[in-house]
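Going by this note's numbering, the letters in the sequence shown line up with residues -4 to 132, in that order.
Glycine included, each C-beta is placed from N, C-alpha and C at the ideal position.
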Amino acid sequence: MTEQQQTARRLMERHGRTFAADAGIALHDKPSPLWQLLVLSLLLSTRIRSEIAVATARELWEAGWRTPEQLRGSTWQPQVRPVLDDLTLRGAQQAGLPSDPAALAGLVDRDDLASLAAALVRVARDPHLLEEPAGGS
């Protein structure tokens, strides 16, 4: 074996996994893996790191969305609920609001929770926002 062949073999052993393999796609000439490959290619074409695209694809498969029919039958609403994380809760504390996520969520309508979370993140990052006069900016 030549030195170049050895180098090629070493590279394949260390780094030769395809994105499809990393995403858990078993490539067969069947609709489901072809659909998964299409979804993965769309994710990989966005302006995010390939590791994030592959991880996103794996999450889709783990959620059971391996075919167009499964994805069409899914609901997106539970996945877009805002998360009241530590930064949000710090903003709530600075604003004198409850630091318990359930109590905080109970202050506004369900559809307004994302706006409240966004406001609290802004307050946590810039406490001077609390000094603004009511109704002004």
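| Asked | Found |
| --- | --- |
| Classify residue 49: buried if its beta carbon has 16 or more other beta carbons within 10 angstroms, exposed otherwise. | buried |
| With 16 other CB atoms within 10 Å as the buried threshold, where does residue 83 fall? | buried |
| For a quick check, are the C-beta atoms of residue 18 and residue 44 less than 8 angstroms apart? | no |
| Leaving out five residues on either side along the sequence, give the residues of the same chain with a beta carbon under 6 angstroms from the beta carbon of residue 100. | 108 |
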